[in-house]
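Contents: one structure, followed by commentary.
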Amino acid sequence: MARRRSIEIALLTIGAGVFVGYPLVRDMTSEPVQRNRYVDRRSCECDYPAGCSYVDRAWVGPWYTRAEDRNRATPASGACRANYLAGRYASGREGAGNDSYRAPTIEQGRRGGFGSTGRVRSAGS
Amino acid sequence: MRRRVHPAREHWRQRVADLGLDFHTIDGAAYWVDDGCYHFDEAQIDRLEAAGNTLHALCLEAVDHVVRTGEYAALGLTDACAALVEASWRAGEPTLYGRMDLAWTGEGEPRLLEYNADTPTALYEASVLQWQWLEDTRAGRDQFNLIHEKLIERWRTIIDPQQVVHLAGCIHEDEDRLTVQYLADTCLQAGGIARVLAVDEIGWDGQAFVDADEQPIARLFKLYPWEWLLAEPFAAHVPQARTRWIEPAWKQVLSNKALLPLLWRLFPGHPNLLPASFDPHALSGTVVVKPCFGREGEGVRLWGEPPLAVPDGYVVQAYAPLYQGAHGHAVLGLWIVGDEAVGLGVREDDGPVTGNRARFVPHCFD
């Protein structure tokens with residue numbers, strides 16, 4: 001039986017200069033994730049102009065880790081939320097601009113239930 | 126079978142790094158060996174291939190036996206694990222791949238040391254890197270290596286076109302990440318939609334396992350051992366989840382070294398098996414004591430004669446010498462894709478127990 005390949009091995013996603021056909025790996029292994037839940041879309045989009053989705057009867061932003069949130073210039077939990085926490089405008093007040101912002105609640109990720117063994121060891125054999 | 130010295134390729138480190146292997150050198154020691162190879166003749170490759178196909182068939186018979194007889198306790202599997210094994214076996218959940226580690230010196234019959242049936246790594250090295258090495262060096266006429274095309278073919282049989290497949294692992298580990306990413310690549314080439322994520326990114330939304338974007342996980346390849354998975358908090362959701370797993374839960378019977386005494390009991394004297402038992406008194410001469418769930422040589426120890434006793438969770442297997450040369454001891458990793466032996470990877474270590482510092486050495490045959 002011939003075992004030599006008749007074809008060149010083509011790889012789509014590995015190695016130098018290759019086409020990446022699916023989202024790159026995100027390493028979120030070291031910290032649990034969380035996300036913001038909003039009562040209205042406007043407040044969500046104030047923090048995430050392009051990252052809101054409607055899930056389980058609330059508007060939610062993307063998942064982020066606390067480490068990602070430590071960047072003061074672009075906090076992962078949202079710039080409007082940061083302004084609100086700094087007392088720059090009130091929450092829940094009707095009116096123009098950011099004064100209508102209603103602060104989110106923070107939802108802890110229902111994640112991390114797998115992986116605790118793998119944090120200290122490689123899983124391969 | 127012999128170990129040959131061969132001139133390393135010029136700029137080989139860059140060559141393998143360009144192909145995605147950044148960990149070719151670990152702590153100053155080579156992991157990828159570019160200046161040597163294992164050389165076989167075609168009859169020897171035929172023998173390895175036949176042994177792999179035979180052993181895999183025996184292993185499937187062993188799983189069937191366990192499911193029919195309910196002998197889970199001897200494998201150290203709890204009732205909850207057993208239920209998953211049984212359901213996945215009866216449902217015919219398909220396997221993707223595995224790697225058998227064989228002891229062989231090139232003469233007689235190859236002998237099964239263990240079956241890494243759940244989370245084998247060194248896949249990319251065997252499938253892609255050593256093939257590229259042969260293409261570059263022309264060190265031999267051929268190589269036992271159909272791993273890449275067989276993986277793509279296998280994906281096509283176990284997933285639907287454009288089906289989303291999540292692939293999870295400890296992606297902070299170089300070796301695991303490369304394996305997961307390579308399998309994602311082959312899935313993509315087979316027409317699937319591959320999504321890679323860290324195993325602790327998997328969430329539970331109350332009804333289903335979900336990815337970081339809250340999308341349900343219908344098919345999940347996990348480079349994460351079943352025995353770890355089922356010991357962790359989310360294991361409570363596994364029985365009710367509709368996720369189909371790759372590798373399936375029945376692979377717990379094969380990735381467990383308690384398989385070795387079971388095989389020897391079911392097929393005593395088989396030429397590709399070594400005597401093995403939970404009871405050290407059942408064996409004589411040099412033996413190897415192995416933990417049922419150890420990885421990469423962890424906890425494996427040679428004894429000049431059987432010890433008086435071994436702890437629970439350990440098996441005793443007769444010793445079979447590995448090929449030994451000036452460069453060390455070589456274990457033969459026979460790759461199984463689906464139900465077929467499709468390729469070979471050789472790892473070499475300084476001692477007779479192949480550990481996590483073993484080197485990958487390419488092979489060829491004439």
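Here the protein sequences come in this chain order: A and B. In this text, residue positions in the first sequence follow the working numbering: the first is 1, and each later residue adds one. In this text, residue positions in the second sequence follow the working numbering: the first is 126, and each later residue adds one. The C-beta atom is built at its ideal place from N, Cα and C for all residues, glycine as well.
Opposing strand residues paired with residue i [DSSP bridges]
i, result
"V60/A", "R37/A and S53/A"
"E211/B", "Answer is none; E211/B lacks a bridge partner."
"C295/B", "Beta-bridge pairing links C295/B to no other residue."
"C80/A", "None, per the DSSP bridge assignment."
"P350/B", "The partner list for P350/B (beta bridge, DSSP) is empty, contrary to what the question assumes."
"C489/B", "H164/B"
Rounded separation between residue i and residue j - CA only
i, j, result
"N178/B", "L237/B", "12 Å"
"V25/A", "A374/B", "Caution applies to V25/A, whose pLDDT of 40 falls short of 50 and renders its modelled position unreliable; the value that the coordinates give is listed next. Rounded to the nearest angstrom, the two C-alpha atoms are 25 Å apart."
"P400/B", "R224/B", "20 Å"
"A333/B", "H362/B", "8 Å"
"G470/B", "W137/B", "19 Å"
"L209/B", "E339/B", "25 Å"
"E274/B", "G201/B", "36 Å"
"Y222/B", "F269/B", "16 Å"
"L398/B", "A76/A", "56 Å"
"L173/B", "D267/B", "15 Å"
"R369/B", "G115/A", "18 Å"
"P235/B", "L248/B", "21 Å"
"G476/B", "G468/B", "24 Å"
"A50/A", "P62/A", "10 Å"
"V321/B", "I342/B", "11 Å"
"V60/A", "G328/B", "16 Å"
"H395/B", "T230/B", "18 Å"
"R250/B", "H131/B", "Going by the sequence as given, residue 250/B is Glu instead of Arg. If you take the alpha carbons of E250/B and H131/B, they lie about 18 Å apart."
"L276/B", "I318/B", "15 Å"
"R134/B", "T246/B", "24 Å"
"A67/A", "Q108/A", "14 Å"
"I14/A", "P393/B", "44 Å"
"I296/B", "V305/B", "8 Å"
"E94/A", "A337/B", "Here E94/A scores only 41 on pLDDT, less than 50, and its place in the model should not be relied on; the value that follows carries that caveat. Going by the C-alpha atoms only, they are around 33 Å apart."
"H452/B", "D159/B", "13 Å"
"A434/B", "K376/B", "28 Å"
"D69/A", "V413/B", "51 Å"
"D143/B", "P104/A", "45 Å"
"D171/B", "E357/B", "42 Å"
"D166/B", "M126/B", "7 Å"
"D204/B", "W353/B", "16 Å"
"R102/A", "R42/A", "9 Å"
"S409/B", "E430/B", "6 Å"
"E45/A", "G78/A", "9 Å"
"Q287/B", "A309/B", "13 Å"
"M28/A", "V335/B", "For M28/A, the pLDDT reaches just 38, beneath the cut-off of 50, and the residue's location in the model is therefore unreliable, leaving the point undetermined."
"E278/B", "A315/B", "7 Å"
"H454/B", "G331/B", "50 Å"
"G21/A", "D189/B", "Residue confidence for G21/A is low, a pLDDT of 34 falling below 50, so the modelled location carries little weight and cannot support an answer."
"A483/B", "T220/B", "27 Å"
"A216/B", "E239/B", "26 Å"
Beta-carbon gap between residue i and residue j smaller than 9 Å
i, j, result
"E487/B", "Q139/B", "Rather than Glu, the amino acid found at residue 487/B in this sequence is Pro. For P487/B and Q139/B, no; Cβs fall outside 9 Å."
"F485/B", "Y197/B", "no"
"L345/B", "V290/B", "yes"
"G161/B", "R128/B", "yes"
"A123/A", "G294/B", "yes"
"T479/B", "D226/B", "yes"
"P432/B", "K382/B", "no"
"Q169/B", "F490/B", "yes"
"R111/A", "E298/B", "no"
"P446/B", "A228/B", "yes"
"Q442/B", "L387/B", "no"
"D243/B", "L379/B", "yes"
"R57/A", "I106/A", "no"
"D437/B", "V456/B", "no"
"G195/B", "A207/B", "yes"
Whole-angstrom C-beta distance between residue j and residue i, which should lie under 8 Å
i, j, result
"I272/B", "V462/B", "6 Å"
"E186/B", "L391/B", "7 Å"
"F403/B", "E300/B", "Not really, about 31 Å apart at Cβ, beyond 8 Å."
"Y499/B", "V324/B", "Residue coverage of chain B in this structure runs from 126 to 491, which leaves residue 499/B outside it and unanswerable."
"R81/A", "D40/A", "That belief does not hold up - the Cβ atoms of R81/A and D40/A are roughly 14 Å apart, past 8 Å."
"L303/B", "L12/A", "No, L303/B and L12/A are not in contact; Cβ-Cβ is about 15 Å, not under 8 Å."
"E359/B", "G113/A", "Here residue 359/B turns out to be Phe, not Glu, going by the sequence shown. Confirmed, Cβ separation roughly 3 Å."
In chain order, what are the residue ranges of uninterrupted beta strand (DSSP E) at least 3 long that sit wholly in the stretch 142-206 of chain B? 161-165
What are the complete beta strand (DSSP E) segments, minimum 3 residues, inside the stretch 236-287 of chain B? 236-241
Could you give the uninterrupted runs of the alpha helix (DSSP H) lying entirely in the stretch 345-424 of chain B, keeping only those of 4 residues or more? 351-354 and 384-391
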